[in-house]
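Okay, so the sequence shown: first residue is 165 according to my numbering, each after it adds one.
We put the beta carbon where it would ideally sit given N, CA and C, even for glycine.
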Amino acid sequence: MIRQIFVFAAICCLVPSASSQKISSDIIAQASVDAVVRGVEARYQAALIKERRIADDREMLAISAADDRLKQARTDFENRLIGSQAKLEQARAAYAVVVQNIAKRDDQVAALLAAYQLQLVGDIAQSSPEMLVAMQRFADGDLVEGERQFAKERTRRIKARQEVSDRVQAQALLANAADARQNAKLLETMRLSGQSTTVEVLAVWTEAAIYNPRDHWTQIERARLLVSIGQLSDGWNAARLSFDLAVTATEKVQSLVEMADASEAGGYWKEA
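Below you can see the structure in the form of structure tokens.
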């Protein structure tokens, strides 16, 4: 029942993306979630059998023969030979039966497999169609290429998620800056009526500048407030930054005015 639930969830996730459309539809059909789960589990069992040496020579030969038939069936399917799909499904089932019959004799292997199955059916629901195709290739015997394709798709998904995260973060910073500017304007009104201080207003304008240091008018307001409390060098620097950020002639003139005010306040008449 648990597997059926996760399999259903995973199937619901298999809506083709733009990139997945590059994969032929018949290959995707073969990478059904249930087939992938069975195949990957069988490969894990075979690896445990080999590592723990629980099969005799005759049984190891049987596993090898079943593996060879599966690989050949996969090759025939990719070459689109008549009847190859049915033969591939039969070869997959036969390989799974061979390894299962051997693995089930060992209690430790059974316990490891149970834990592996639980993790697999949980994680596979998040897999992309490309990942399922890679895992099916792995299950069909091409472990190296299957893992390589899976790792490549995993890297692509990490990058895509990071790009989304970066866009969301950038939008959040701009929104935070806008909120801070509005808050600073409210505090400025309170300052004018004696209910707030210059330092309090400056703190919020500085917060806005941290969120978005490239806003021209934020730097203008910081320049004015910094000069008013005697931080002339910082005020001049803020005004100079606002000039660099200015787009219109009006903005540039305003920046020059603030730079001149900071210079004049410091006694630098020539610079002013």
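Under 8 Å between the Cβ atoms of R216 and V273? Between R216 and V273, the gap from beta carbon to beta carbon is short of 8 Å.
Would the beta-carbon of A424 fall within 8 Å of that of K416? The Cβ atoms of A424 and K416 lie no closer than 8 Å to each other.
How do the region 305-323 and the region 232-240 stand: do at least 3 beta-carbon pairs fall below 8 Å, yes or no? Yes: at least three Cβ pairs fall under 8 Å.
Anyone know if the C-beta pair for M299 and G310 falls short of 8 Å? For M299 and G310, yes; Cβs fall inside 8 Å.
I need the straight-line Cα distance from Y259 to A324, nearest angstrom please. It is roughly 36 Å from the alpha-carbon of Y259 to the alpha-carbon of A324.
Taking the Cβ atom as the reference point for each residue, do R321 and S360 lie within a distance shorter than 8 Å? Not a contact, by the Cβ cut-off of 8 Å.
The region 276-292 in contact with the region 224-231 per 3-pair CB rule at 8 Å: With a cut-off of 8 Å on Cβ pairs, the region 276-292 is not in contact with the region 224-231, counting fewer than three such pairs.
Taking C-beta to C-beta, are A387 and A402 nearer than 8 Å? Cβ distance < 8 Å, so A387 and A402 count as in contact.
Measure the alpha-carbon distance for T239 versus N265 and round it to whole angstroms. If you take the alpha carbons of T239 and N265, they lie about 26 Å apart.
Can you grab the Cα-Cα spacing for the pair L338 / W381, in whole Å? Each residue's alpha carbon lies about 14 Å from the other.
Considering just the uninterrupted stretch of the alpha helix (DSSP H) at R202, what are its terminal residues? V197 to R216 is the extent of the alpha helix (DSSP H) around R202.
Quick one: measure Cβ to Cβ for A267 and Q333, integer angstroms, because I've assumed they're closer than 8 Å. Actually they are not in contact, since the Cβ atoms of A267 and Q333 sit about 47 Å apart, beyond 8 Å.
Looking at the structure shown, is D304 part of a helix, part of a strand, or coil, going by DSSP? Note: D304 maps to coil in three-state DSSP.
Where the alpha helix (DSSP H) through K416 begins and ends: That run of the alpha helix (DSSP H) goes A413 to A429.
Determine the closest residue to V297 out of E422, E385, G203 and L276, with distance taken between C-alpha atoms. V297 has its Cα closest to that of G203, out of E422, E385, G203 and L276.
Does P293 come out as helix, strand or coil in the three-state DSSP assignment? For P293, the secondary structure class from DSSP, reduced to helix, strand or coil, is helix.
With DSSP collapsed to three states, give me the class of K323. If DSSP states are grouped into helix, strand and coil, K323 belongs with the helices.
Unbroken alpha helix (DSSP H) run spanning S406, endpoints: First-last of the alpha helix (DSSP H) with S406: L396 to L409.
Under three-state DSSP, which class holds K316? Collapsing the DSSP output to three states places K316 in a helix.
When the distance is taken between beta carbons, is A342 closer than 8 Å to V368? No, the Cβ-Cβ distance between V368 and A342 is not below 8 Å.
Report the CB separation of V363 from I384 in whole angstroms; it is logged as a contact under 8 Å. Contact between V363 and I384 does not hold, since the beta-carbon distance rounds to 18 Å and is not under 8 Å.
To the nearest angstrom, report how far apart L252 and I246 are at their CA atoms. L252 and I246: Cα-Cα distance of roughly 11 Å.
Output the distance between the C-alpha atoms of Q290 and L366, rounded to the nearest integer angstrom. In a straight line, the C-alpha of Q290 is about 47 Å away from that of L366.
Just to check my reading of the structure: Q254 and F241 have Cβ atoms closer than 8 Å, yes? What is that Cβ distance to the nearest angstrom? Between Q254 and F241, the beta carbon gap of about 11 Å keeps them out of contact (Cβ cut-off 8 Å).
Under three-state DSSP, which class holds R269? R269 falls in the coil class under three-state DSSP.
Any beta carbon of chain B sitting closer than 8 Å to that of E242? Of the protein chains in the structure, only one exists, and it is not chain B.
Taking only three categories from DSSP, how would you classify D240? Of the three classes helix, strand and coil, the one that applies to D240 here is helix, per DSSP.
Do R345 and A372 have their CB atoms nearer than 8 Å? When the beta-carbon positions are compared, R345 and A372 come within less than 8 Å of each other.
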